[in-house]
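Numbering (the numbering used here), first residue to last: 469 to 656.
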């Protein structure tokens with residue numbers, strides 16, 4: 469039975485038999501773990517009632533602007549983290565492809581299918597720096613956020629984030645298994 473990728477790479481690191489490719493994959497894997505934790509934070513934070521209660525508590529003269537900021541901030545942060553996540557996996561797959569002449573294309577196909585998924589593609593396409601551009605209201609959300617129609621904003625932000633998070637978790641299992649098989653094959 470093959471060991472999970474992280475355990476396998478950590479064991480090789482400890483025994484000082486890790487190759488340069490495996491070391492790079494280990495570093496990228498650790499970055500992925502940080503991003504996956506952030507995905508969870510974004511999704512949890514964008515639950516409407518939690519945001520509204522927290523913002524009303526922090527800002528007694530609450531205007532709704534704060535809610536709008538947090539919605540778009542977490543949506544954009546999720547999108548930016550998702551972009552980094554896909555690029556790290558692309559880097560891992562390219563490293564393995566350089567190392568193995570017979571590298572199967574299905575790993576890259578998994579990644580491309582994931583990126584082309586409607587929900588993932590929309591979030592990746594929508595991403596921008598909300599921290600610095602927040603004064604420019606998002607056209608698709610401006611009416612809901614200005615009049616504090618949180619149900620409609622939830623449909624446009626929170627539900628896609630939740631769907632994307634589920635897709636990330638499913639994709640992660642599939643791609644980690646593929647990478648695990650490839651790296652243990654290349655590492656021999």
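Using N, Cα and C, we set each Cβ at its ideal position, and we do this for glycine too.
Inset, instruction - Please report the Cβ distance between residue 579 and residue 558, rounded to the nearest whole angstrom; I am assuming they are in contact, meaning their Cβ atoms lie under 8 Å. - result: At roughly 6 Å, the Cβ-Cβ gap stays under 8 Å, so residue 579 and residue 558 are in contact.
Legend entry - CB of residue 543 within 8 Å of CB of residue 500, strictly: no
Legend entry - Buried versus exposed call for residue 488 [16 or more other C-beta atoms within 10 Å across all chains shown]: exposed
Legend entry - As assigned by DSSP and simplified to three states, the class of residue 479: helix
Inset, instruction - Report all residues from its chain with a CB closer than 8 Å to the CB of residue 549; omit the five preceding and five following residues, and keep chain order. - result: 503, 506, 507 and 510
Inset, instruction - May I ask you to verify whether the stretch 631 to 651 touches the stretch 572 to 590, counting CB pairs closer than 8 Å and requiring at least 3? - result: Verdict: yes, contact present.
Legend entry - Contacts around residue 576, its chain only, beta-carbon distance under 7 Å, and the 5 residues preceding and following it disregarded: 561
Legend entry - Assigned exposure category for residue 661 - 16 Cβ within 10 Å defines buried: Since the first and last residues shown for the chain are 469 and 656, residue 661 lies out of range.
Inset, instruction - Can you tell me which of 479, 639 and 620 puts its alpha carbon nearest to the alpha carbon of residue 539? - result: 620
Legend entry - Pick from 653, 595 and 589 that is closest to residue 631, judged by C-alpha positions: Ranking the options by Cα distance to residue 631, first place goes to 589.
Legend entry - Residue range of the unbroken alpha helix (DSSP H) whose run includes residue 582: 574 to 584
Legend entry - Candidates 476, 478 and 493, of which the one nearest residue 566 by Cα: 493
Legend entry - 7 Å CB neighbourhood of residue 473 in its chain, flanking five on each side removed: 497, 644, 647, 648 and 651
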